[in-house]
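Student: Every number in the numbering used here is 30 more than the matching position in the sequence shown, counting from 1. Ideal Cβ positions, reconstructed from N, Cα and C, are used throughout, including at glycine.
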Amino acid sequence: MSEPQRHALVIGAGLAGAATCAALARRGWQLTLLDAASGPAQGASALPVGMLSPHVTRSPTPLSRLSGLGVAATLAELRRLVPPGRGWQACEVDNRGHDPGRWPAALVRPAALVQAWLDEARQLGALDTHWQAAVHRLEHHRATGCWHALDAQGRSLARAPMVVVAAAWGSHDLMAGASGLMQADDLPLRPVKGQMSLAALEGEPLAPRPQRDSGVYVPLYEDSGLPPAWPARLWAMGSTYERGDASTDLSDAAHERNASSLQAICPAAALRLREAAASGQLRGWAQVRCASLDRLPLVGAVPDGEALLAFMAQAGSRRGRVPLGDTPRQPGLYLLGALGSRGLTLAHWCASQLAAQMDGEHPSEHDAALLRAIDPARFAWKRARRQPTG
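1. Restricting to Cα atoms, I'd like to know which of Gly268, Asp279, Gln360 is closest to Arg287.
2. Round the Cβ separation of Ala374 and Val138 to the nearest angstrom and send it over; I've been treating them as touching at under 8 Å.
3. May I have the straight-line CA-CA distance separating Ile41 from Gly184, to the nearest angstrom?
4. Under the assumption that Gln293 contacts Ala300 (Cβ atoms under 8 Å), give the Cβ distance between them as a whole number of angstroms.
5. I believe Ala43 touches Ala71 by the beta-carbon criterion, under 8 Å. Please report the beta-carbon distance rounded to the nearest angstrom.
6. If you run the structure through DSSP and keep just helix, strand and coil, what is Pro258?
7. Please return the same chain residues whose Cβ sits closer than 7 Å to the Cβ of Arg95, not counting the five positions on each side in sequence.
8. Return the CA-CA distance between Asp282 and Met226, expressed in angstroms with no decimal places.
9. Tell me the start and end of each unbroken alpha helix (DSSP H) in the stretch 126 to 182 that is at least 4 residues and wholly inside, in chain order.
10. Pick helix, strand or coil for His37, following the three-state DSSP scheme.
11. According to DSSP, is Glu122 part of a helix, a strand, or is it coil?
12. Could you check which residue in Gln241, Val222, Pro406, Val248 has the C-alpha nearest to that of Asp275?
13. Judging by CA-CA distance, which residue of Leu250, Ala407, Ala66 is the nearest neighbour of Pro238?
14. Tell me where the beta strand (DSSP E) around Leu250 begins and ends.
15. Kindly give me the distance between the Cβ atoms of Pro358 and Leu384, rounded to whole angstroms, as I take these residues to be in contact under 8 Å.
16. Given Gln60, which residues of its chain have a CB within under 6 Å of its CB, disregarding the five upstream and five downstream residues?
17. Give the DSSP bridge partners of Glu272, in chain order.
18. Leu204 to Ala67, Cα distance in whole Å?
19. Provide the residue span of the beta strand (DSSP E) that contains Gln186, from first to last.
20. Determine the direct distance from the alpha carbon of Asp334 to that of Ser347, and round the result to whole angstroms.
21. Can you check DSSP and say which residues form a bridge with Val194?
22. For the candidate residues Pro84, Val112, Ser97, Leu82, whose alpha-carbon lies nearest to that of Asp253?
23. Can you tell me where the beta strand (DSSP E) with Gln383 in it begins and where it stops?
24. Whose CA, out of Arg132, Glu395, Glu336, Leu366, lies closest to the CA of Ser382?
25. Work out the CA separation of Asp216 and Pro134 for me, nearest whole Å.
26. What is the rounded straight-line gap between the Cα of Ala197 and the Cα of Ala46?
27. Answer with buried or exposed for Thr270, where buried requires no fewer than 16 other C-beta atoms within 10 angstroms of its C-beta.
28. Exposed or buried, Arg110, counting other C-beta atoms within 10 Å across all chains shown (16 or more means buried)?
29. What distance in whole Å lies between the Cβ atoms of Ser97 and Arg372, which are believed to be in contact at a cut-off of 8 Å?
30. How about Val123 and Ser83: do their beta carbons lie closer than 8 Å?
31. Would you kindly work out how many angstroms separate the C-alpha atoms of Arg116 and Ala146, rounded to a whole number?
32. Kindly indicate which three-state DSSP category Thr104 falls into: helix, strand or coil?
33. Grab me the residues of Ile404's own chain with a C-beta within less than 8 Å of its C-beta, minus the 5 sequence neighbours each way, in chain order.
34. Hey, would you say Ala266 sits closer than 8 Å to Pro78, going by beta carbons?
So this is what it looks like as structure tokens:
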């Protein structure tokens, strides 16, 4: 019996993977979710508190447009699925320095939203989860039209006609092995380490609302659903943005970078951070995020490297005028990644667009322009257009 076509593997159980599961489940898909951890939101989505707010620019850019759509979409999901005080709280944020002003925002514990999305997919009868299932390689079987997720010993963990790779920095090796890319920079993913400094808040907060300038200072976050490892009432500063660093070790140097950034925002809070560090009361959290070369997400069908090479040869001198949408793609292989430090903002909107694409829907003209900006094939075509035609 052939595999049902509306069945997809989703690799990664953070914000991107959970949003994808929810978006596809609402459309009637069956999902098999695989993650190397013992449960959801164990990587960058385990951040104790994150900021959901728009990316403000003087004139529109793809990122600012994505941000505006994404903030509204995520806020609607929070209101629908997560009780206030048990995973998020509305607030305002003061931008200092770049793009000064006061903007509506929300403080969010990403794991609460991840769990809510997975619960919804499970309630729809659409979700099968596999924990401690580290996917080492993806293999496409043309005879059956299925993708197999293989472990380090080459054993098949699961299979389906479609697969969405949403494993943050872990997507890098999976994509290089599965997509037949001619060069690594055809999907230029980069690790970005982030370290947050935080501690239990005793007494009154040192600012009336969150402040942002080279990091976000959260003077108070209260969440009755926080895991026991974290104080239910805390302050936080961060996180750092360390390009090229794929480690998760906490460092005193990163704490001091947070203190230096905080000095320009709220000197009293910077003093509190340094005093907490000196007394051993300062806590930290560090994880690796994933960003692309142009800092925009990678969302959509993955290009087929070998077929693209042949297509380029046929296109000849027309290559600069070939539509991006005509790029040969790997059958049934999709990517949702490179969300950088904006997973809360972008995951839901991107997952909804990806689910529509997987269902064969045509986007609106407005959305189509943004989808071209985040198409995973954009880097392969940029390189192809620079190559000689003769």
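Tutor: For this structure:
1. In the sequence shown, residue 287 corresponds to position 257, counting from 1. With respect to the C-alpha of Arg287, the residue from Gly268, Asp279, Gln360 having the closest C-alpha is Gly268.
2. In the sequence shown, the residue the question calls residue 374 occupies position 344. In the sequence shown, the residue the question calls residue 138 occupies position 108. Looking at the sequence provided, one finds Leu at residue 374 rather than Ala. With 8 Å as the limit, Leu374 and Val138 qualify as a contact, their Cβ atoms being about 5 Å apart.
3. For this step, residue 41 is matched to residue 11 along the sequence shown. For this step, residue 184 is matched to residue 154 along the sequence shown. In a straight line, the C-alpha of Ile41 is about 17 Å away from that of Gly184.
4. The residue you call residue 293 lines up with position 263 of the sequence shown. The residue you call residue 300 lines up with position 270 of the sequence shown. Here Gln293 really is in contact with Ala300; their C-beta atoms are around 4 Å apart, less than 8 Å.
5. On the sequence shown, residue 43 is found 13 positions in, with the first residue counted as 1. On the sequence shown, residue 71 is found 41 positions in, with the first residue counted as 1. Rounded to whole angstroms, the Cβ separation of Ala43 and Ala71 is 7 Å, and the two are in contact under 8 Å.
6. For the purposes of this step, residue 258 is identified with residue 228 of the sequence shown, where counting begins at 1. DSSP places Pro258 in coil when its eight states are reduced to three.
7. Here residue 95 is taken as the residue at index 65 of the sequence shown, counted from 1. Leu400.
8. Start at 1 with the first residue of the sequence shown, and residue 282 comes out as number 252. Start at 1 with the first residue of the sequence shown, and residue 226 comes out as number 196. One C-alpha to the other measures close to 11 Å.
9. DSSP runs (the alpha helix (DSSP H)) wholly in the stretch 126 to 182: 140 to 153.
10. In the sequence shown, the residue the question calls residue 37 occupies position 7. Assigned with DSSP and collapsed to three states, His37 falls in strand.
11. Here residue 122 refers to the residue found at position 92 when the sequence shown is read from its first residue. Reduced to three states, the DSSP call for Glu122 is strand.
12. In the sequence shown, counting from the first residue as 1, residue 275 sits at position 245. Selection Gln241, Val222, Pro406, Val248 evaluated against Asp275 yields Val222 as nearest (Cα-Cα).
13. In the sequence shown, residue 238 corresponds to position 208, counting from 1. Shortest Cα-Cα distance from Pro238 to any of Leu250, Ala407, Ala66 involves Leu250.
14. In the sequence shown, the residue the question calls residue 250 occupies position 220. 246 to 252 is the extent of the beta strand (DSSP E) around Leu250.
15. Position 328 of the sequence shown, counting from 1, holds the residue named residue 358. Position 354 of the sequence shown, counting from 1, holds the residue named residue 384. 19 Å between Cβ atoms; not a contact.
16. The residue given as residue 60 occupies position 30 in the sequence shown. The beta carbon of Gln60 lies closer than 6 Å to those of His37, Ala156 in the same chain, with the five residues before and after it left out.
17. Your numbering for residue 272 matches position 242 in the sequence shown. In the DSSP output, where bridge partners are listed per residue, Glu272 has Lys223.
18. Looking up residue 204 in the sequence shown gives position 174. Looking up residue 67 in the sequence shown gives position 37. Looking at the two C-alpha atoms, the distance is approximately 17 Å.
19. The residue you call residue 186 lines up with position 156 of the sequence shown. Rather than Gln, the amino acid found at residue 186 in this sequence is Ser. Here the beta strand (DSSP E) through Ser186 covers 186 to 190.
20. Translated into the one-based positions of the sequence shown, residue 347 becomes position 317. Translated into the one-based positions of the sequence shown, residue 334 becomes position 304. In this predicted model, Ser347 has a pLDDT of only 48, less than 50, meaning its place in the structure is not dependable; the value taken from the coordinates is given anyway. Rounded to whole angstroms, Ser347 to Asp334 spans 21 Å at the Cα level.
21. Counting from 1 along the sequence shown, the entry for residue 194 is found at position 164. Within the DSSP bridge table, the entry for Val194 names Val40, Tyr364 as partners.
22. Taking the sequence shown and counting its residues from 1, the one referred to as residue 253 is at position 223. Looking at the Cα atoms, Val112 is the closest of the given residues.
23. Here the question's residue 383 lines up with position 353 in the sequence shown. Gln383 -> not in any beta strand (DSSP E); alpha helix (DSSP H) instead, spanning 373 to 388.
24. Indexing the sequence shown from 1 puts residue 382 at position 352. Of the candidates Arg132, Glu395, Glu336, Leu366, Leu366 places its Cα closest to the Cα of Ser382.
25. Here residue 134 corresponds to residue number 104 of the sequence shown, with the count starting at 1. Here residue 216 corresponds to residue number 186 of the sequence shown, with the count starting at 1. Taking the CA atoms as reference points, Pro134 sits about 37 Å from Asp216.
26. Mapped onto the sequence shown, residue 197 falls at position 167. Mapped onto the sequence shown, residue 46 falls at position 16. Here the alpha carbon of Ala197 sits roughly 8 Å from the alpha carbon of Ala46.
27. Taking the sequence shown and counting its residues from 1, one reaches residue 270 at position 240. Buried, since its Cβ has 16 or more Cβ neighbours within 10 Å.
28. The residue labelled residue 110 in the question sits at position 80 within the sequence shown. Residue burial is scored here from C-beta neighbours: Arg110 has fewer than 16 other C-beta atoms within 10 angstroms and is therefore classed as exposed.
29. For the purposes of this step, residue 372 is taken as residue 342 along the sequence shown, with counting starting at 1. For the purposes of this step, residue 97 is taken as residue 67 along the sequence shown, with counting starting at 1. Confirmed, Cβ separation roughly 7 Å.
30. For the purposes of this step, residue 123 is taken as the residue at position 93 of the sequence shown. For the purposes of this step, residue 83 is taken as the residue at position 53 of the sequence shown. The answer is yes: Cβ separation under 8 Å.
31. Locating residue 116 in the sequence shown gives position 86, where the first residue counts as 1. Locating residue 146 in the sequence shown gives position 116, where the first residue counts as 1. Inter-residue distance for Arg116 and Ala146 is about 11 Å (C-alpha atoms, whole angstroms).
32. The count along the sequence shown starts at 1 and reaches residue 104 at position 74. Helix.
33. Numbered from 1 along the sequence shown, position 374 holds the residue referred to as residue 404. Same-chain partners within the cutoff: Pro92, Leu96, Leu326, Pro327, Leu328, Val329, Gly330, Cys380.
34. One-based indexing of the sequence shown puts residue 266 at position 236. One-based indexing of the sequence shown puts residue 78 at position 48. Pairing Ala266 with Pro78 gives a Cβ-Cβ distance under 8 Å.
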